[in-house]
Every structure is written in C-alpha cells, then in structure tokens.
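Inspection log for the structure reproduced underneath, given as structure tokens.
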Amino acid sequence: MTEYDRDWFLGTETDQDWQLSIMKEKPFLFSLGRDKGKGTYTSRVLTKQEIMAPSRAP
Numbered sequence: 073m074t075e076y077d078r079d080w081f082l083g084t085e086t087d088q089d090w091q092l093s094i095m096k097e098k099p100f101l102f103s104l105g106r107d108k109g110k111g112t113y114t115s116r117v118l119t120k121q122e123i124m125a126p127s128r129a130p
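Per the working numbering, the very first residue in the sequence shown carries number 73; after that it's consecutive.
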C-alpha cells in the first residue's frame, strides 16, 4: 500500500488532487469518469516517462 500512496493517483481528472499529483510528478495517474449522456464510463492511465529532446544544430 505504501507504493500506491507514494506513486499513484486514483480519482477523477477534475479533482484538484489530479493537478497536485502532476505537479508532484507522481509516476502513475489513473482517472475514472462517466458520460451520463452516453451512459458510458471512461478510464485513463498515464505513466511518467522520460523523453529525449531533439538536439539543436550549432
């Protein structure tokens, strides 16, 4: 459970804690949502990854 508390955010994207988790650079974000009009549910998992920036020509 310690890993989940430290490394994961579980909730909705509209939750203020979602934004705080991004700012704290939590490595894993999971959101769950519902579209009442369509009667569907959505989920999203985001994983923090390092990317290489293109180098500039001199």
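The beta carbon of each residue, even a glycine, is placed where N, CA and C say it ideally should be.
Computed from a prediction, not measured in an experiment: that's the story for all the values here.
Distances from the CA of Leu104 to each of Arg128, Leu118, Ile123 were compared; the closest alpha carbon is that of Leu118. The three-state reading of DSSP puts Ser93 in helix, counting H, G and I together.
Beta-bridge analysis with DSSP links Thr112 to Asp107. Per DSSP, reduced to three states, the secondary structure at Thr84 is coil, with no helix or strand assignment.
One Cα belongs to Thr112, the other to Thr84, and the distance between them is close to 15 Å.
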